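A short worksheet on the structure shown next.
4 protein chains.
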Amino acid sequence: MPSFTFRRQLTIEWGQCDPAGIVFNSRFFEMFDTSSWLLFEAALGVKPQDLGRHFGIIGIALVGARADFLKPVRFGAAIEIASRVSEFRRSSFDVEHKITIAGELAVDGGESRVWTARNKDDADKIGAAPIPAEVIARFG
Amino acid sequence: MPSFTFRRQLTIEWGQCDPAGIVFNSRFFEMFDTSSWLLFEAALGVKPQDLGRHFGIIGIALVGARADFLKPVRFGAAIEIASRVSEFRRSSFDVEHKITIAGELAVDGGESRVWTARNKDDADKIGAAPIPAEVIARFG
Amino acid sequence: MPSFTFRRQLTIEWGQCDPAGIVFNSRFFEMFDTSSWLLFEAALGVKPQDLGRHFGIIGIALVGARADFLKPVRFGAAIEIASRVSEFRRSSFDVEHKITIAGELAVDGGESRVWTARNKDDADKIGAAPIPAEVIARFG
Amino acid sequence: MPSFTFRRQLTIEWGQCDPAGIVFNSRFFEMFDTSSWLLFEAALGVKPQDLGRHFGIIGIALVGARADFLKPVRFGAAIEIASRVSEFRRSSFDVEHKITIAGELAVDGGESRVWTARNKDDADKIGAAPIPAEVIARFG
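The following block contains the structure:
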């Protein structure tokens, strides 16, 4: 199982919170997406905006996302997001995102993504492509 | 299984789309949340902003959300969101949200929510409360 | 002064509101942007996603936005947004957006936009292009 | 004129950008709001979530916002936001927000805010209150 983990710390902003004073759920999925880009940047040394060109792909398309909201996360809360690829398959992979406050798990999230490229024979077609072994190795 | 279904039609906006020209994932979770409020309004005849007061609860707290993104949904796409409570439990329930384009499923989503109230003996405590039978009956 | 006005009605959603229970300011600018696209669709009969191709332009680039927030707009409020081009210049124009609740002005907003096209001699260059007279006439 | 300036550095995220590959305008107003909170925290030493309680106010209500978008800001861009109170009046003030990329001004924004408190004689009424001299002094 890949063990490379990317962590970042954020402080919850006013505009991320709803009338209950806690983070509105869609905001967590914004955080997950950004953390996935940053996880890949940290593992591969390639900036998000260069990822496609660098590997000859369209991107790492999101095909699924989920989260369990275990504790309310309030305006001003200091959170940590720890992100890790939990499984690589041939052309897709799962990322887990765990948000903690002072070490306690508050949001348990995940994404499924596909290594997406243009078809070699028909550039108008887009689809899943095999993830290069050297990419997977960097998450070891 | 509750069969009451709330449907609404939307056209995808420029600001909901990412540099790939398709809806950014967090926007679907915004749509789900609003559809859940509107589903309850349609079933119960109570406006979202009156739901808490009407039933003596804090709200219908979101404790889980998920989506599978099956087809890209582009700027300008005409979508339909069909939302339905798929299961009521004692104090929690699941809502399924299916987004279709011209009848084809594009996003298959869901939420888990809790009927949340103040504790009768200690108003500072908030927690799950039994969902009234007459509420469940309206979704029949 | 162009008099063609596009009006739409919205109900404020939970996820658009902040911990004060009122619309978070950035959400109004989302509404303005969508109303501008819809104003052009209504005046020109061209769908937003076809606007660029139809007129041989890149788009109607936003170069300025502003709003005065006169009254709080709460969760569940029924609002109307009335949008109108207040001035056409050679290659730019201003759109005013007035949000009312039960006829009372709540938000007084505006945008400045540029009719943006690729340079005819150098397609890598993008810049302001003259707005066709027949476009302006449709807003009469 | 107050000279205290708060600066922060951000990298533009995928989800902040639109199909043109540049930041969608509403996202800048999110950044401005957060920078205003952080400017006050930096000047006053009070965390955003404690500001109301600390000064006996409701908050620093936003009554106006504006921005000129001078240069496109792309996915992955490294930006700096410099925020400063440009003028204090009796019970309101203006904040200017300048976003630069490598020292070049890309977005020139501003907000108007009101020092907002409950009426001393009628707690149901909310309105502008005089800004304490010691608050203004901290921005000197």
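Protein chains in written order, with the working numbering: chain A, -10 to 129; chain B, -10 to 129; chain C, -10 to 129; chain D, -10 to 129. Glycine is no exception: its CB is placed at the ideal position from the N, C-alpha and C atoms. Treat the numbers as computed from the prediction; the structure is a model and nothing was measured.
- For the stretch 91 to 118 of chain B, the continuous beta strand (DSSP E) assignments of 3+ residues that do not extend past its boundaries occur at 93 to 107, 115 to 117, in sequence order.
- Counting every other CB atom within 10 Å of its CB across the protein chains shown gives Gln5/C a total of 16 or more, marking it as buried.
- A distance below 6 Å between beta-carbons, with the five flanking residues on each side excluded, links Ile88/B to the following residues of its chain, in chain order: Ile68, Ile70, Ala95, Val96.
- With a 10 Å radius around the Cβ and a threshold of 16 neighbouring Cβ atoms, His86/B comes out buried.
- A contact between stretches requires three or more CB pairs, one per stretch, nearer than 8 Å, and the stretch 76 to 84 of chain B fails this requirement with the stretch 33 to 40 of chain B.
- Against Asp22/D, the close residues of chain A are Trp3, Gly4, in the order they occur along the chain (beta-carbon pairs closer than 7 Å).
- The beta-carbon of Asp113/B is placed no less than 8 Å from the nearest beta-carbon of chain D.
- For the 8 Å CB-CB criterion, Gly65/A and Thr0/A form a contact.
- Here Phe29/A is near Ile49/A, since their CB atoms are less than 8 Å apart.
- For Phe18/C, the closest Cβ of chain D is nearer than 8 Å.
- Taken through DSSP and simplified to helix, strand or coil, Asp57/A comes out as strand.
- As computed with DSSP, Gly41/C is found in no beta bridge at all.
- Within the same chain, Ala71, Arg73 come within 6 Å of Thr(-6)/C by CB-CB distance, once the 5 residues on both sides are set aside.
- Going by C-alpha positions, Glu19/D is about 8 Å away from Asn14/C.
- Selection Ile120/A, Gly129/A, Trp3/A, Phe128/A evaluated against Arg79/A yields Ile120/A as nearest (Cα-Cα).
- For Ala56/A, the closest of Glu93/A, Gly98/A, Ala31/A, Ala117/A by C-alpha to C-alpha distance is Gly98/A.
- Going by DSSP, Ala67/A is part of the beta strand (DSSP E) stretching over 67 to 77.
- Pro8/D has its alpha-carbon roughly 22 Å from the corresponding atom of Phe44/A.
- The beta carbons of Pro(-9)/A and Gly92/A sit no closer together than 8 Å.
- Taking C-beta separations shorter than 8 Å and ignoring five residues to either side along the sequence, the partners of Ile115/D in its chain run Ile47, Thr105, Ala106, Arg107, Asn108, following chain order.
- For Ser15/C, the nearest CB of chain D lies under 8 Å from its own CB, placing it at the interface with that chain.
- The C-beta of Gln38/A comes closer than 8 Å to at least one C-beta of chain D.
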